[in-house]
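Down below is the structure, laid out as structure tokens.
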Amino acid sequence: MTTRSSPRPGGTAAFAERVGRSGPVTAADGVSRRVRVRVPATSANLGPGFDTFGLALGLYDEVDVETTRSGLTVDVVGTDVVARDETHLVVRAIRATFDTLGRAQPGLALHCVNRIPHGRGLGSSAAAIVAGVVAAAALAQPDLGPAFETDAAFDADAAFDADTAFDAGADSVSASDDAPEPDPVSRAASGAGFFGPAGMLRLASAIEGHPDNVAAALSGGFTVAWQDGDGARSLRVDPFAELRPVIFIPAIRQSTEQSRGALPSGVPFADAARNLGRAALLALTMSAAEPAAGQPSRRAEALLRATEDLVHQPYRFPGVPASADLVGRLRGGGIAAALSGSGPSVIALAVGGEQAAAAVDVAGAGFSVAPLPVDRHGARVTRCRSAAP
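Numbering (the UniProt record's numbering), first residue to last: 1 to 389.
Shown next, in the form of structure tokens:
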């Protein structure tokens, strides 16, 4: 499908007017630019870390983006249920990034390879948004002025023969206190720090609405994300080497909006306090440090306790009874397990290959089983070359 791009009101207009537009994102000689971005699947919450914890997984969506003189083409491989127009999430993220940078909107040609299942709690929307923001950042890099903090990972004049990674844990730059109050997306990305990974995190989180999946998709590894007055921030650690995630994917789909509709407006104080302890234990247990030298079983035991949750899963389980039953059976066998994000997929955090094999054996009918490695790099620009028009 081909459509023509047109200026869009609102959103990032205030910031765009402030910095001025500098023309389409093309090389000085007028040739178009092309980038390829690879973004991992993610599992959020991991039990007690509601809207906070994320884990990047070795399953990837890839997006090729090429600037053209006008129009829009979107080619999708792997699913037929996504839009192929300006409402496509990758396109929306690219447009928001260009708007925020004050760049004129180029024409776009996208080729999307979707491997992350949609509506299963594996961060497909976060992957699309991160792909769009990273692609636009890579395309816009050559035309940056000195007021913008650049990142070496996005030198679009270079040919990326090897993967180039970046970490979204950098400090962000706050907007001036006396500047006009921008809309959430502009506020997320405004300031000289946008092209640093922290600015990408703020913009992508503002588009997504919560930072947990976005942080893990950008940085890889295990991430802790939170919201400050100027937007989202995150820290990451490399999980312990023996971690073997196993994902159980049902045939049914469920949107995050549907699942959030089951959540109460508040939870008992005692439940919240219990979750705080479990969340702190999970963050510590996921780190590379050994909890007890020579006693690997202690790690599995700690993970089992650390993934208990009283804040969101008890309210979501009635809507996904098969997933709830699977979580119960895994945990009954001593394997740390929880809904992946809002579900309906389930994640088991196995320690070592033996426990991972035991987790696979627990799966019943109705679930596809995917043992996946931890992705420790996050979003990557795997190709960035100039292309003939």
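Even for Gly, the Cβ is constructed at its ideal location relative to N, Cα and C.
Note that this is a predicted model, so its numbers are computed, not measured.
Check                                                                                                                                                                            : Outcome
Label Val381 either buried or exposed according to how many other C-beta atoms from any shown protein chain fall within 10 Å of its C-beta, with 16 as the threshold for buried. : buried
Three or more C-beta pairs under 8 Å: does that hold for the region 265 to 274 against the region 243 to 253?                                                                    : no
What residue from Ser43, Thr79, Arg33 has the CA that sits closest to Asp64's CA?                                                                                                : Arg33
Going by C-alpha to C-alpha distance, which of Ala283, Gly231, Val224, Phe222 sits closest to Met200?                                                                            : Gly231
Please look up how many angstroms separate the CB atoms of Gly352 and Leu304, rounded, as I've assumed it's under 8 Å.                                                           : That belief does not hold up - the Cβ atoms of Gly352 and Leu304 are roughly 14 Å apart, past 8 Å.
Among all the DSSP beta bridges, which residues are the ones paired with Ser43?                                                                                                  : Leu55
Below 8 Å, can you find three or more Cβ-Cβ pairs linking the region 47 to 55 to the region 358 to 366?                                                                          : no
Assuming Gly121 contacts Pro344 under a Cβ cut-off of 8 Å, what Cβ separation, rounded to an integer in Å, is found between them?                                                : 6 Å
Under 8 Å by Cβ, that's how I've got Ile116 and Asp61 pegged, so tell me the actual separation to the nearest angstrom.                                                          : 5 Å
CA-CA distance, Gly341 and Ala126?                                                                                                                                               : 12 Å
Could you give the C-beta distance for Asp375 and Gly58, rounded to a whole number, given that I count them as a contact under 8 Å?                                              : 5 Å
From the DSSP output, read off the bridge partner residues of Ser368.                                                                                                            : Ile249
Going by DSSP, what residues sit across from Glu62 in a beta bridge?                                                                                                             : Arg38, Val113
In chain order, what residues of the same chain have a beta carbon less than 6 Å from the beta carbon of His118, not counting five sequence neighbours either side?              : Ser124
Please state if the CB of Ala288 and the CB of Phe222 are separated by a distance shorter than 7 Å.                                                                              : no
Can you check whether the CB of Ala379 is closer than 7 Å to the CB of Val39?                                                                                                    : yes
So, helix, strand or coil for Val346, using DSSP?                                                                                                                                : strand
Nearest-angstrom Cα distance between Asp325 and Ser43?                                                                                                                           : 19 Å
Do you know offhand how far Pro373's Cα is from Ile347's?                                                                                                                        : 12 Å
State the DSSP-derived secondary structure class of Gly132, mapped to helix, strand or coil.                                                                                     : helix
Less than 7 Å between the C-beta atoms of Arg103 and Ala137, yes or no?                                                                                                          : no
Straight-line CA distance for Arg36 to Ala131?                                                                                                                                   : 9 Å
According to the Cβ coordinates, are Arg244 and Ala356 closer than 7 Å?                                                                                                          : yes
Would you call the CB atoms of Val134 and Leu203 closer than 7 Å?                                                                                                                : no
I'd like to check one pair, Ala336 with Val327: are the Cβ atoms closer than 7 Å?                                                                                                : no
To which residues does DSSP link Arg233 through a beta bridge?                                                                                                                   : Trp226
Answer yes or no: do Ala225 and Ser219 have a C-beta to C-beta separation smaller than 7 Å?                                                                                      : no
Around the C-beta of Glu354, are 16 or more other C-beta atoms found within 10 angstroms, so that it is buried, or is it exposed?                                                : exposed
Return the bridge partner residues of Leu374 from the DSSP annotation.                                                                                                           : Residue identity check: residue 374 is Val in the sequence provided, not Leu. Note: Val374 sits in a beta bridge opposite Leu57.
So what does Leu284 bridge to, in DSSP terms?                                                                                                                                    : Answer is none; Leu284 lacks a bridge partner.
Taking DSSP as the reference, what is the three-state secondary structure of Val381?                                                                                             : strand
Among Asp238, Ala280, Gln313, whose alpha-carbon lies nearest the alpha-carbon of Ala56?                                                                                         : Asp238
Looking at the strands, I want to know which residues DSSP matches up with Asp75.                                                                                                : His111
May I have the straight-line CA-CA distance separating Ser172 from Gln105, to the nearest angstrom?                                                                              : Caution applies to Ser172, whose pLDDT of 29 falls short of 50 and renders its modelled position unreliable; the value that the coordinates give is listed next. Answer to the nearest angstrom: the Cα atoms are 26 Å apart.
Measure the C-alpha to C-alpha separation of Gly266 and Pro314 and round it to an integer number of angstroms.                                                                   : 13 Å
Kindly identify the DSSP beta-bridge partner or partners of Asn337.                                                                                                              : What sits at residue 337 in the sequence shown is Ala, not Asn. Ala337 pairs with Ala348.
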